[in-house]
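J.: Residue numbers (the numbering used here): 33 to 156.
C-beta: ideal position from N, C-alpha, C; glycine also.
Next up is a structure, given as structure tokens.
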Amino acid sequence: LLHEGKHIDEVDVEAVKLCLTEAENVASIPINLHFYRPNADTMIDASAIASKEGLQSCFFLLGSCLMKQRILDVTEASSGEFFAKDTTSMGWCWIDVPEAVGPVVVYAFHHNGIEVARRVAGEA
33 LLHEGKHIDE VDVEAVKLCL TEAENVASIP INLHFYRPNA DTMIDASAIA SKEGLQSCFF
93 LLGSCLMKQR ILDVTEASSG EFFAKDTTSM GWCWIDVPEA VGPVVVYAFH HNGIEVARRV
153 AGEA
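Below, the structure written as structure tokens:
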């Protein structure tokens, strides 16, 4: 898809996800989150199953913040799935935000190799 010079808006995002999960130069970085719960005055581990209750609004807010930030130009493909639009310098970048529980996972592909993909994923 990159060799054809296509932009994320011009391709089927399901095809991009499939390519990312099967390509060689793909780095995936899970990011464990903790959300502050004011009613308990504590931080809750978002990846713990026991924490599931009441975290949907936190993940929704996180997704909204991803769309509003201006550092990384992203588009929301479906609920909780975000793709980087700057494929010229970054390659493909897919950010998976769970709906209720679990880590955020960043998948990045870069044609210059796995080390560059890891750097891109870490910066996303």
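Going by other Cβ atoms of all chains shown within 10 Å of its Cβ, with 16 needed for buried, is P70 buried or exposed?
T.: Exposed, because fewer than 16 other Cβ atoms sit within 10 Å of the Cβ of P70.
J.: How should A47 be labelled, buried or exposed, when 16 other C-beta atoms within 10 angstroms of its C-beta is the threshold for buried?
T.: The residue in question, A47, is exposed, as its Cβ has fewer than 16 Cβ neighbours within 10 Å.
J.: Go ahead and pull the three-state DSSP assignment for S96.
T.: Note: S96 maps to helix in three-state DSSP.
J.: Have a look at I146 and E56 and give me their C-alpha separation to the nearest angstrom.
T.: Roughly 8 Å separates the two Cα atoms.
J.: Considering only residues of the same chain and omitting the five flanking positions on each side of N64, which have a CB-CB separation below 6 Å?
T.: The residues are S79, P135.
J.: Which residues bound the beta strand (DSSP E) around E54?
T.: Element bounds for E54: not the beta strand (DSSP E) but the alpha helix (DSSP H), 45 to 54.
J.: Looking only at its own chain, which residues have a Cβ that is under 8 Å from the Cβ of H66, when we skip the five neighbours before and after it?
T.: If we look at H66 and ignore the five residues flanking it on each side, its Cβ neighbours are M75, I76, D77, A78.
J.: May I ask you to list the residues that DSSP assigns as paired with H66?
T.: The partner list for H66 (beta bridge, DSSP) reads D77.
J.: Less than 7 Å between C-beta atoms, sequence neighbours within five positions excluded: which residues of the same chain meet that for F141?
T.: Answer for F141: L52, A55, N57, V58, G123, W124, A149, listed in chain order.
J.: Would you identify the three-state DSSP class for A153, choosing helix, strand or coil?
T.: DSSP places A153 in helix when its eight states are reduced to three.
J.: Using the C-alpha atoms, what's the distance from G86 back to I61?
T.: Roughly 25 Å separates the two Cα atoms.
J.: For Y68, count the other beta carbons within 10 Å of its own beta carbon; 16 or more makes it buried, fewer makes it exposed. Which is it?
T.: Y68 should be labelled exposed.
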